[in-house]
Amino acid sequence: MRYVSIENVTEGMYLAKPIYNSQGSILLGKNFQLTNIYLKKLKELGFVGLYIEDEISKDVFIEDVVSDQLRMDTVTKLERIVEDTGNFEELTPFLSGIIDNIIENKDVLLQINKLFSYHNYTYIHCVNVGILSICMGVRLDYNREKLLKLGMAGILHDIGKNQIPLEILDKPGKLTEEEFDLIKMHPVYGYTMLKGSIELSSITKIGILQHHERCDGSGYPKGLRNEEISDFGKIIAIADTYDALTSDRSYRPAYTPWEAYEYLIGDGGVHYDFTMLTIFSKCIAVFPVGTCVELSDGTKAIVLENNPDNPLRPVLRNLENNTVMDLKNIKKHHALCIAHIVE
């Protein structure tokens with residue numbers, strides 16, 4: 182199986198994994214043969230890409246760090262809590278399940294997971310941020326209690342956006358200064374909403390308040406710098422930016438994981454904490470398993486396995502002669518690197 186951006190999926194391809202609607206129900210199942218009519222509808226629903234099965238990728242198996250079902254159940258629960266009950270403690274068993282999944286799959290990197298309709302983008306984004314934040318917390322050796330607090334901060338980081346009109350949140354064009362000033366208030370709105378909640382810890386609330394602060398003081402709402410920003414704030418800032426960049430938005434197409442990684446690393450020590458970026462780089466697949474790439478010598482290959490210690494040098498299969506190439510072996514492949522992604 183391999184992941185293909187929606188623009189490059191063609192009629193006749195077969196789904197390798199099911200895709201889901203905004204309610205968490207299966208929209209199209211595994212092995213479904215796609216037609217142009219379905220592809221048009223999927224684009225309208227906001228799907229960024231699909232996992233497909235073909236000859237190139239028949240020997241490629243992609244492991245999930247967190248199961249699709251648990252991910253979608255968490256999205257559904259979050260939406261219900263925010264729009265109805267307001268009892269955030271109900272998220273605890275879902276976060277606990279996510280922590281279990283991540284600890285059990287500690288050596289597996291987060292792959293692309295954009296298999297849901299984006300008509301409820303905010304809730305899906307929040308769950309993705311919670312998952313990546315917990316992954317970083319596990320790499321930092323946080324205990325279970327601290328992981329739950331971090332996961333809660335990640336999953337609720339954008340709750341303040343509920344107080345901002347949808348026409349501003351989903352505006353396709355450039356925001357006015359007044360609109361952007363309103364957007365910049367969402368961490369404060371979220372913190373204020375949750376300030377009186379005895380179920381949530383103070384470090385969870387602070388993480389929510391600070392997730393748009395930046396190390397050079399250019400962030401908001403307070404313009405904090407470096408040590409003034411909590412570790413939760415630094416972690417969620419990275420997770421939030423990464424998931425936002427790799428999502429299709431009304432004002433720009435999705436970045437590839439590689440492009441998003443380069444964007445964040447390029448800002449290391451300026452906007453984002455460099456230590457936390459190092460942890461982040463050990464959590465995500467820069468070149469997800471199943472990605473087709475071209476090497477610096479023109480060789481085309483497919484990613485078979487990721488390398489947490491050096492995300493830019495995965496294990497590949499040469500598409501021309503089917504030999505396995507382990508870019509981790511610097512002695513053997515010192516002159517080779519991935520030049521770009523191909524589909």
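Residue numbers for the sequence shown follow the numbering used here, so the first one is 182 and each next one is one higher. Each residue gets a CB set at the ideal place from its N, CA and C atoms; glycine is no exception.
In this structure, how does DSSP classify residue i when only helix, strand and coil are distinguished?
{"i": "residue 425", "result": "helix"}
{"i": "residue 406", "result": "strand"}
{"i": "residue 450", "result": "coil"}
{"i": "residue 445", "result": "helix"}
{"i": "residue 466", "result": "coil"}
{"i": "residue 243", "result": "coil"}
{"i": "residue 499", "result": "strand"}
{"i": "residue 482", "result": "strand"}
{"i": "residue 261", "result": "helix"}
{"i": "residue 345", "result": "coil"}
{"i": "residue 323", "result": "coil"}
{"i": "residue 458", "result": "helix"}
Since residue i contacts residue j with CB under 8 angstroms, what's their CB separation in whole angstroms?
{"i": "residue 465", "j": "residue 434", "result": "Their Cβ separation, rounded to whole angstroms, is 19 angstroms, which puts residue 465 and residue 434 out of contact at 8 angstroms."}
{"i": "residue 244", "j": "residue 309", "result": "About 17 angstroms separates the two Cβ atoms, so there is no contact after all."}
{"i": "residue 283", "j": "residue 255", "result": "Wrong, their Cβ atoms sit about 13 angstroms apart, outside the cutoff."}
{"i": "residue 468", "j": "residue 519", "result": "6 angstroms"}
{"i": "residue 187", "j": "residue 222", "result": "Not a contact, Cβ separation roughly 11 angstroms."}
Going along the chain, which residues of its own chain have a beta-carbon closer than 7 angstroms to the beta-carbon of residue i, five neighbours each way excluded?
{"i": "residue 273", "result": "329"}
Between which two residues does the alpha helix (DSSP H) containing residue i stretch?
{"i": "residue 217", "result": "217-225"}
{"i": "residue 387", "result": "383-391"}
{"i": "residue 520", "result": "Per DSSP, residue 520 belongs to no alpha helix (DSSP H); it is in the beta strand (DSSP E), 519-523."}
{"i": "residue 277", "result": "273-285"}
{"i": "residue 320", "result": "302-320"}
{"i": "residue 375", "result": "367-375"}
{"i": "residue 511", "result": "511-514"}
Since residue i is in the beta strand (DSSP E), which residue starts that stretch and which ends it?
{"i": "residue 206", "result": "Careful: residue 206 lies outside any beta strand (DSSP E) and carries neither H nor E."}
{"i": "residue 352", "result": "No beta strand (DSSP E) contains residue 352, which DSSP labels as neither H nor E."}
{"i": "residue 507", "result": "505-507"}
{"i": "residue 232", "result": "230-234"}
{"i": "residue 473", "result": "473-476"}
Take residue i and list the residues in its own chain whose beta-carbon comes closer than 6 angstroms to its own, dropping the five residues that flank it on each side.
{"i": "residue 487", "result": "290, 466 and 495"}
{"i": "residue 371", "result": "340, 341 and 389"}
{"i": "residue 387", "result": "411"}
{"i": "residue 275", "result": "255 and 258"}
- Inter-stretch contact at 8 angstroms, needing at least 3 Cβ pairs: the region 336-347 / the region 451-460: no
- Message: For the structure I just gave you, are there three or more beta carbon pairs, one from the region 247-258 and one from the region 225-234, closer than 8 angstroms?
- Response: no
- Query: With a cut-off of 8 angstroms, do at least 3 Cβ pairs link the region 205-215 to the region 184-194?
  - Reply: yes
- Evaluate the contact criterion for the region 300-307 versus the region 366-381: three or more CB pairs, one atom per stretch, below 8 angstroms. no
- Evaluate contact between the region 478-487 and the region 497-513, counting only Cβ atoms and requiring at least three cross-stretch pairs below 8 angstroms. yes
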